[in-house]
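J.: The sequence shown maps to residues 127 to 254 in the working numbering.
Virtual Cβ for every residue (Gly too), placed ideally from N, Cα, C.
If you're wondering where the values come from, they're calculated on a predicted model, not measured in any experiment.
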Amino acid sequence: MLTLLLVGLGGGLGSISRFGLSEFIYKVFGKSFPHGILIVNILGCLLIGALAAFFQKERLLEHFLTPHFRALLITGFLGGFTTFSSFSLDALTLLQKGEWSKAIIYIMLSVLISMIAVFVGFYLVEKY
Numbered sequence: 127m128l129t130l131l132l133v134g135l136g137g138g139l140g141s142i143s144r145f146g147l148s149e150f151i152y153k154v155f156g157k158s159f160p161h162g163i164l165i166v167n168i169l170g171c172l173l174i175g176a177l178a179a180f181f182q183k184e185r186l187l188e189h190f191l192t193p194h195f196r197a198l199l200i201t202g203f204l205g206g207f208t209t210f211s212s213f214s215l216d217a218l219t220l221l222q223k224g225e226w227s228k229a230i231i232y233i234m235l236s237v238l239i240s241m242i243a244v245f246v247g248f249y250l251v252e253k254y
């Protein structure tokens, strides 16, 4: 039961963080391209890579390595922070507007840079 509550708490905080950060990014860059969700998803991938390396190498103090803490951060917070459904809807919206080149760029950037971010996050923690 505690794990479910922690996942819910983390998910709520992650969702609020995603909304706040993506809205800020849209204010800076505008909404002609889905910069907000792109940047949020890349940042989330960087963080999940770093956390995976921390948990794998057991560099954190032992009491932080509990399954509850992992559920709070990875499943909860980062699950709420990143969003594949918003990414998919943004891509569909671009396609419906006939902005095929923007849609293709967005899809490619989202997938490629997110994968790179996971590797970079993992590598940085492994290395340092």
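Helix, strand or coil: how does DSSP classify residue 141 here?
T.: On the sequence shown, residue 141 is found 15 positions in, with the first residue counted as 1. Residue 141 sits in a helix when the DSSP states are folded into three classes.
J.: Buried or exposed: which applies to residue 249, given that a residue is buried once 16 or more other Cβ atoms fall within 10 Å of its Cβ?
T.: Here the question's residue 249 lines up with position 123 in the sequence shown. That one is exposed.
J.: Here's the rule I'm using: 16 or more other beta-carbon atoms within 10 Å means buried, otherwise exposed. How should residue 213 be labelled?
T.: To locate residue 213, count along the sequence shown from 1; it is residue 87. By the 10 Å Cβ count, residue 213 comes out buried.
J.: Please report how far the alpha carbon of residue 236 lies from the alpha carbon of residue 129, in whole angstroms.
T.: As a working mapping, residue 236 is identified with position 110 in the sequence shown. As a working mapping, residue 129 is identified with position 3 in the sequence shown. Distance between the alpha carbons of residue 236 and residue 129: 30 Å.
J.: Do you know how far the Cα of residue 148 is from the Cα of residue 198?
T.: The residue given as residue 198 occupies position 72 in the sequence shown. The residue given as residue 148 occupies position 22 in the sequence shown. Distance between the alpha carbons of residue 198 and residue 148: 22 Å.
J.: Going by beta carbon distance, what residues of the same chain come within less than 8 Å of residue 135, once the five residues before and after it are set aside?
T.: The residue given as residue 135 occupies position 9 in the sequence shown. Closer than 8 Å at Cβ, skipping near neighbours: 198 and 202.
J.: Taking buried to mean at least 16 other C-beta atoms within 10 Å of its own C-beta, is residue 206 buried or exposed?
T.: Your numbering for residue 206 matches position 80 in the sequence shown. Buried, since its Cβ has 16 or more Cβ neighbours within 10 Å.
J.: Can you tell me the Cα-Cα spacing of residue 182 and residue 155, whole angstroms?
T.: As a first step, residue 182 must be located in the sequence shown, where it is residue number 56. As a first step, residue 155 must be located in the sequence shown, where it is residue number 29. Taking the straight line from one Cα to the other gives about 37 Å.
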